[in-house]
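Step one of this worksheet: look at the structure below.
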Amino acid sequence: MYAITRATEIADKIFEFWITAPHVARHARAGQFVVLRIDEQGERIPLTISAVEDDRIRVVFMAVGKTTTQLSSLRAGDAIRDVAGPLGKPSEIERYGTCMVIGGGVGIACTPIIAQELKEAGNRVVGVIGARNESLLILEDELRAACDELVVCTDDGSRGFHGFPADILKQRLEEDAPEAVWIIGPAIMMKITSGATKPYGVKTFVSLNPIMVDGTGMCGSCRVTVGGETKFACVDGPEFDAHLVDFDELMQRQRIYTAQEKEAMERYHEHTCRCAEGEARHE
Ligand SMILES: Cc1cc2nc3c(=O)[nH]c(=O)nc-3n(C[C@H](O)[C@H](O)[C@H](O)COP(=O)(O)OP(=O)(O)OC[C@H]3O[C@@H](n4cnc5c(N)ncnc54)[C@H](O)[C@@H]3O)c2cc1C
Ligand code: FES
1005 MYAITRATEI
1015 ADKIFEFWIT
1025 APHVARHARA
1035 GQFVVLRIDE
1045 QGERIPLTIS
1055 AVEDDRIRVV
1065 FMAVGKTTTQ
1075 LSSLRAGDAI
1085 RDVAGPLGKP
1095 SEIERYGTCM
1105 VIGGGVGIAC
1115 TPIIAQELKE
1125 AGNRVVGVIG
1135 ARNESLLILE
1145 DELRAACDEL
1155 VVCTDDGSRG
1165 FHGFPADILK
1175 QRLEEDAPEA
1185 VWIIGPAIMM
1195 KITSGATKPY
1205 GVKTFVSLNP
1215 IMVDGTGMCG
1225 SCRVTVGGET
1235 KFACVDGPEF
1245 DAHLVDFDEL
1255 MQRQRIYTAQ
1265 EKEAMERYHE
1275 HTCRCAEGEA
1285 RHE
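Residue numbers for the sequence shown, in this note's numbering: 1005 to 1287.
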């Protein structure tokens, strides 16, 4: 069992958990993830390792469906059945020169650890984060501390630049192009944003989020097409050269279990309502 030592809601439906997992913490690098299972019957879900401190790792997740909602109901002092990792290849950290690290939505969670390792490797790091509105911006101070410069964007202009990280990236490409760019966020955001660097031939990495089950290259569920070849995101990635990724296929495959996911969420809500009614009757 893996103890949760801190559980905080840091934005609407976005949670930060610190979990004691010494074997993961010892080896974790930027860009890697864990697969966790809440209990014996639980579904396996992948979450990025967002920070490491001593023998603990941090995960930051959005409650979007059954398992993430169930996870969000846990508190400090509770425990998780399995935490497997670190999985996947670490980010390709080298001395590039100037790097931009761009996070969108809950994808921002992965950016501080990448920025920190890039900085330690001698790069100048420009962070760019974007969210729909101010209330969904996360880890801003932490990323600012890890970067030489941070630009904050909101879709509605409630904070920082009124627009998308892609707009900032396009400006920088014109003025003073970075040597390498990381983009982490929803698939559509990664597709559009990475399109900006393609004409400039700037090395661009994206962290792909297909459906994963085992996380070890055995089940094939995380199959993605990169440069016309089939890759398994859990072992060959999750980071890939953005300009080679078939994003349309990724987005189509992300939706293949929508009906089952909806049903699982409805069953979970029914179950939690019944439990709450039972508790009320016993009071
Ligand atoms: C390498 C990797 C790292 C990730 N890191 C983070 C993170 O740091 N924070 C975060 O909030 N989310 C992260 N995700 C996405 C997260 O795994 C899904 O949101 C979660 O599995 C949804 O499960 P659910 O039961 O709550 O929702 P569901 O209702 O089951 O699914 C909601 C959506 O999440 C996706 N999804 C569902 N099951 C899986 C699965 N087993 N594997 C991957 N995606 C799935 C599907 O696109 C689906 O449409 C990551 C995904 C990958 C592949
Ligand atoms: S998650 Fe099973 S092969 Fe990648």
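Beta carbons are placed, not taken as given, at the ideal position from N, Cα and C, and that holds for glycine. Values in this document were obtained by computation on a predicted structure and should not be read as measured data.
Asked                                                                                                                              : Found
Per-residue burial, residue 1200 [other beta carbons within 10 Å of its own, 16 or more giving buried]                             : buried
Residue range of the beta strand (DSSP E) that includes residue 1107                                                               : 1102-1108
Classification of residue 1127 by the beta-carbon crowding that lies within 10 angstroms, buried from 16 upward                    : buried
Among 1246, 1104, 1068 and 1024, nearest to residue 1085 - alpha-carbon criterion                                                  : 1024
C-alpha gap between residue 1072 and residue 1274, whole angstroms                                                                 : 16 Å
Rounded straight-line distance, which links the Cα of residue 1068 to that of residue 1055                                         : 22 Å
Rounded C-alpha distance that separates residue 1240 from residue 1234                                                             : 10 Å
Shell residues, 6 Å Cβ cut-off relative to heavy atoms of ligand 2                                                                 : 1216, 1217, 1218, 1219, 1221, 1222, 1223, 1224, 1225, 1226, 1236 and 1238
Limits of the beta strand (DSSP E) - the one that residue 1158 falls within                                                        : 1153-1158
Cutoff 7 Å; reference residue 1099; Cβ partners in own chain excluding five residues on either side                                : 1125, 1126 and 1127
Chain-order list of residues whose beta-carbon lies under 7 Å from that of residue 1135 (same chain, five-residue window excluded) : 1109, 1141 and 1158
Simplified DSSP assignment, three categories, for residue 1236                                                                     : strand
Residue 1242 Cβ short of 7 Å to ligand 1 heavy atom set                                                                            : yes
Own chain partners of residue 1041 with C-beta closer than 6 Å, once the 5 adjacent residues on each side are dropped              : 1048, 1085 and 1086
Member of 1173, 1175 and 1144 whose CA lies at the smallest distance from the CA of residue 1163                                   : 1144
Nonlocal neighbours in the same chain, by C-beta distance under 7 Å from residue 1013, ignoring five residues either side          : 1019
Beta bridge counterpart(s) of residue 1216 as assigned by DSSP                                                                     : DSSP lists no partner for residue 1216.
Three-pair Cβ contact test at 8 Å for the segment 1218-1230 versus the segment 1176-1183                                           : no
Bridge-paired residues (DSSP) for residue 1011                                                                                     : 1021
contact_flag[the segment 1194-1213, the segment 1242-1259] where n(CB pairs < 8 Å) is 3 or more                                    : yes
N-terminal and C-terminal residue of the alpha helix (DSSP H) that residue 1139 is part of                                         : Residue 1139 -> no alpha helix (DSSP H), and no H or E assigned at all.
N-terminal and C-terminal residue of the beta strand (DSSP E) that residue 1042 is part of                                         : Here residue 1042 belongs to no beta strand (DSSP E), and DSSP marks it neither H nor E.
Distance between residue 1091 and residue 1033 (C-alpha atoms, nearest Å)                                                          : 10 Å
6 Å CB neighbourhood of residue 1017 in its chain, flanking five on each side removed                                              : 1066 and 1067
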